[in-house]
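Here's the structure, in structure tokens; my notes come after.
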């Protein structure tokens, strides 16, 4: 298999950025860890660029994967930034204490600020790596903008209750309850999932994912604006 012809899709960061808020860490405590998260992403890309040494602690599984990429020379990378996790029904139901924590869309402001801080760092990292690896193609895709637009302009896309799960328990405003999540025997789904953005409070519905995928594949939210199908051919 020609690993240098493959496209390596990197979509990590959301859990790293949002989960610490569940442990009652402050915004300042969360964002101070962002450089460490970005360094691991950089290490993965550098390893695949046939660099001789990577001074980063990795699990045996990850080291084996990176070593394989290193030996075969990855050259095409499709990197997604992280979405507005402060708009997830799960996060809103579990973390919101009062309305002062919400932004104009009703999302948790600090979680979205942290996501944007991570994305800014990731964008800068992609710029740096492009300058270092002239023979690689590194595409940065702004998923945050796509998902934020979906929520902010939900009626335009035919959605209702943009911050409420279709499949969940508890009803409005978020229809999400810990230990009573989608898949439990007593938990039911909404009548029409195509009218909802969130399926279970964490994952999107098929209708939302269809729009998100279409926007990603258009390349309008990517830098450089290279379509995935063209990257696969090149």
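In my numbering, the protein residues as written are 1090 to 1323.
Backbone N, C-alpha and C define an ideal beta-carbon position, used for all residues, glycine too.
Review point. Span of the alpha helix (DSSP H) holding residue 1119?
Key: As a working mapping, residue 1119 is identified with position 30 in the chain shown. For residue 1119, the enclosing alpha helix (DSSP H) starts and ends at 1116 to 1120.
Practice item. Report the rounded CA-to-CA distance for residue 1279 versus residue 1289, giving the unit in angstroms. Key: Within the chain shown, residue 1279 is the residue found at index 190, counting from 1. Within the chain shown, residue 1289 is the residue found at index 200, counting from 1. Cα-Cα distance, rounded: 10 Å.
Check your understanding: Residues in its own chain within less than 8 Å of residue 1103 by CB, not counting five upstream and five downstream?
Key -> For this step, residue 1103 is matched to residue 14 along the chain shown. The residues are 1171, 1172, 1174, 1204.
Check your understanding: Considering residue 1099, what are the terminal residues of the beta strand (DSSP E) in which it resides?
Key -> Position 10 of the chain shown holds residue 1099. First-last of the beta strand (DSSP E) with residue 1099: 1096 to 1099.
Exercise for review: Determine the direct distance from the alpha carbon of residue 1207 to that of residue 1274, and round the result to whole angstroms.
Suggested key: Counting from one through the chain shown, the residue named residue 1274 turns up at place 185. Counting from one through the chain shown, the residue named residue 1207 turns up at place 118. About 38 Å.
**Study point:** Span separating the alpha-carbon of residue 1316 from that of residue 1095
**Key:** Here residue 1316 refers to the residue found at position 227 when the chain shown is read from its first residue. Here residue 1095 refers to the residue found at position 6 when the chain shown is read from its first residue. Cα to Cα, residue 1316 sits roughly 15 Å from residue 1095.
Point to revise | For residue 1169, the three-state DSSP class (helix, strand or coil) | key: As a working note, residue 1169 is residue 80 in the chain shown. Strand.
Review point. Short check: CB of residue 1127 to CB of residue 1210, under 8 Å?
Key: As a first step, residue 1127 must be located in the chain shown, where it is residue number 38. As a first step, residue 1210 must be located in the chain shown, where it is residue number 121. Closer than 8 Å, so yes.
Review point. At a cut of 8 Å, does the segment 1234 to 1241 reach the segment 1161 to 1169 through at least three beta carbon pairs?
Key: Not touching, per the Cβ criterion.
Exercise for review: Measure the C-alpha to C-alpha separation of residue 1305 and residue 1320 and round it to an integer number of angstroms.
Suggested key: Looking up residue 1305 in the chain shown gives position 216. Looking up residue 1320 in the chain shown gives position 231. Cα to Cα, the separation comes out at about 13 Å.
Exercise for review: Would you grab the beta carbon distance between residue 1225 and residue 1166 for me? Rounded to a whole angstrom, and I think it's under 8 Å.
Suggested key: On the chain shown, position 136 is the one that residue 1225 refers to. On the chain shown, position 77 is the one that residue 1166 refers to. Indeed they touch by this definition, with Cβ atoms about 7 Å apart.
**Study point:** Reduced DSSP secondary structure (H/G/I, E/B, other) of residue 1108
**Key:** Translated into positions along the chain shown, residue 1108 becomes position 19. DSSP places residue 1108 within a helical segment (H, G or I) once states are collapsed to three.
Exercise for review: Below 6 Å CB to CB, which residues in the same chain sit around residue 1295 once its five sequence neighbours on both sides are set aside?
Suggested key: As a working note, residue 1295 is residue 206 in the chain shown. Its chain contains no residue whose beta carbon lies nearer than 6 Å to that of residue 1295 once the 5 sequence neighbours on both sides are disregarded.
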